[in-house]
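What follows is a set of notes on a single structure, which appears directly below.
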Amino acid sequence: MNARYSNPDNHPKGPWKATPLHAKSGSAKAKGFSFQFKNGFVWRPPSGTFPRFSEESLRRMDENSEIWFGQGGTSQPSRKTFLSELSNTGTPPLTVWLSSDVGHNHEAKTEVKAFNPDDVFATPKPERLLQRILHIATSPGDLVLDSFAGSGTTGAVAHKMGRRWIMVELGNHAVTHIVPRLRKVIDGDDPGGITAATGWEGGGGFRFYRLAPSLLEKDRFGNWVISKEYNAAMLAEALCKHLGFTYAPSQDPAEYWRHGYSTESDFVFVTTQSLTYDALKKLSEEVGSKRSLLVCCKAFNAKEDSFPNLTVKKIPHSILAKCEWGRDDYSLKIANLPEKVDFDEVAEPDASKRGKAAAAALPLFDNAEDEA
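According to my numbering, the stretch in the sequence shown is residues 1 to 372, in order.
Spelled out as structure tokens, the structure:
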């Protein structure tokens, strides 16, 4: 495309090409428009067209020798469009993308077989197609979201192109297809697709998260209650995430109340029991004066400030403002990203902890230790 630009009049702005001063559409107010250039030429848009520029713009271009009247100086005027003033993003994409340029389904299935030969995804997309799309829509370092990740082509291509990415998949494809594929990409063991075209040799990493069911739900009276899908361990871990504590249950039976911590002396205790005054008093004595404890319970029979080392909260009330509850759409307000997890634990999750969705997320190019 650059070869179409030249500089026959040695203009100081460099190479240019002649472009029309008229357009196919415009304002009805422009009817009868005419403009006289400094060389005396009176220009009017051809019949059925409209002026592309205002009188002020035409005058400015005329003064800056940015109007071309042909080699002899008597041709219909055109604007000099300078190559130096165009963006470096390339030309507008073509309407038709041929399979020779962006691949086809057979090529895509061959790419998928490279990491999962036993279960070829039914409708994969070729990496070259995703490369074209991401090239048009993004720049290196941008964040690419694919909320229907399928076989993970988007993440693989984005990773090779130096983009950050988030993929979400409701099915089991996150485990059977996406993770194996991204591991090969990170290890530099994925010679197919756009690997050669991008010069990809491996690197980066990602984290794998499982989306849990909604923690709270409304009962038949319209009150917020804990979801029946949560057991005691899941509830404690979820509360730690939402309240900013690190989930680390104590292995000492005597300190059953240590479910997580925020500092060396500040802890959290989660229970579905209704705590009496006597139960809270005993808990306060066990915690001691040098430590503090946030108690999240179903209900309690004491004033909130009865014990200086305890802060007592009802579970629904303590977290209602953290997220939107009882929804299964994409309107969630994410308050805290989870801690990184060990993929070996995620790949074979405890059935009691299995959530509704799985996601592979964010390549961390500056930290190879964060590979799954």
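Glycine residues also receive a C-beta, built at the ideal position from the N, C-alpha and C atoms.
- According to DSSP, L145 shares a beta bridge with I166.
- Residues G14, P15, W16 of the same chain have their beta carbon placed closer than 8 Å to that of N7, with the five preceding and five following residues left out of the count.
- Taking C-alpha positions only, L215 is separated from A23 by approximately 58 Å.
- A contact between stretches requires three or more CB pairs, one per stretch, nearer than 8 Å, and the region 186 to 200 meets this requirement with the region 100 to 115.
- Per DSSP, D187 is one residue of the alpha helix (DSSP H) stretching across 179 to 187.
- Residue pairing of S6 in beta bridges, as defined by DSSP: W16.
- Counting C-beta atoms within 10 angstroms of its own C-beta, Y256 has fewer than 16 neighbours from the protein chains shown and is therefore classed as exposed.
- Bridge pairing for A321: absent [DSSP].
- R258 has its alpha-carbon roughly 6 Å from the corresponding atom of F267.
- The alpha-carbon separation between E127 and V102 amounts to approximately 8 Å.
- Contact between L280 and F307 is confirmed by a C-beta separation of about 6 Å, below the 8 Å threshold.
- If the five residues before and after L129 are omitted, its C-beta is found closer than 7 Å to the C-beta atoms of V102, G103, all from its own chain and listed in chain order.
- From the listed residues H11, E286, E229, G260, the smallest Cα separation to H242 is found for G260.
- A distance of 7 Å or more separates the beta carbons of S139 and H177.
- Non-local beta-carbon contacts of T198 in its own chain, meaning distances under 7 Å to residues more than five positions away in sequence, involve K160, M161 in chain order.
- In this structure L320 is not in contact with C297, their Cβ atoms being roughly 15 Å apart against a cut-off of 8 Å.
- The three-state secondary structure of I315, taken from DSSP, is helix.
- Scanning its chain for C-beta atoms nearer than 8 Å, with the 5 sequence neighbours on each side dropped, one finds around G73 the residues N39, in chain order.
- Cα atoms of L310 and C240: separation of roughly 16 Å, rounded to the nearest angstrom.
- Sequence-distant Cβ neighbours of V295 in its own chain, meaning closer than 6 Å and more than five residues away, are F269, L310, V312.
- With contacts defined by Cβ atoms closer than 7 Å, K80 and W97 do not form a contacting pair.
- Annotated three-state conformation of D266 is strand, per DSSP.
- In this structure, DSSP gives Q36 an extended state, which the three-state scheme calls strand.
- In this structure, L134 sits away from R164, with a CB-CB distance that is not shorter than 7 Å.
- Taking S284 as the centre and dropping the five residues before and after it, the same chain places the C-beta of F307, N309, L310 closer than 7 Å to its C-beta, in chain order.
- Counting only runs of at least 4 residues, the region 213 to 301 fully encloses the following alpha helix (DSSP H) elements, listed from N- to C-terminal order: 232 to 243, 277 to 287.
- In terms of CA proximity to T19, P77 leads the group K184, K29, P77.
- Sorting G155, G326, A299 by C-alpha distance to the C-alpha of E229 places G326 at the top.
- Just so you know, the alpha carbons of A302 and P213 end up roughly 32 Å apart.
- With contacts defined as CB atoms closer than 7 Å, S227 and E217 qualify as a contacting pair.
- Distance from the CA of E201 to the CA of R181, rounded to the nearest whole angstrom, comes to 15 Å.
- At least 7 Å separates the beta-carbon of M167 from that of D189.
- The shortest C-alpha to C-alpha distance from T272 to any of V225, Y209, Y247 is the one to V225.
- Counting C-beta atoms within 10 angstroms of its own C-beta, H317 has fewer than 16 neighbours from the protein chains shown and is therefore classed as exposed.
- Around V185, the same chain offers A156, H159 as residues with beta carbons nearer than 6 Å, after the five sequence neighbours per side are excluded.
- When beta bridges are read from the DSSP output, P51 appears opposite H22.
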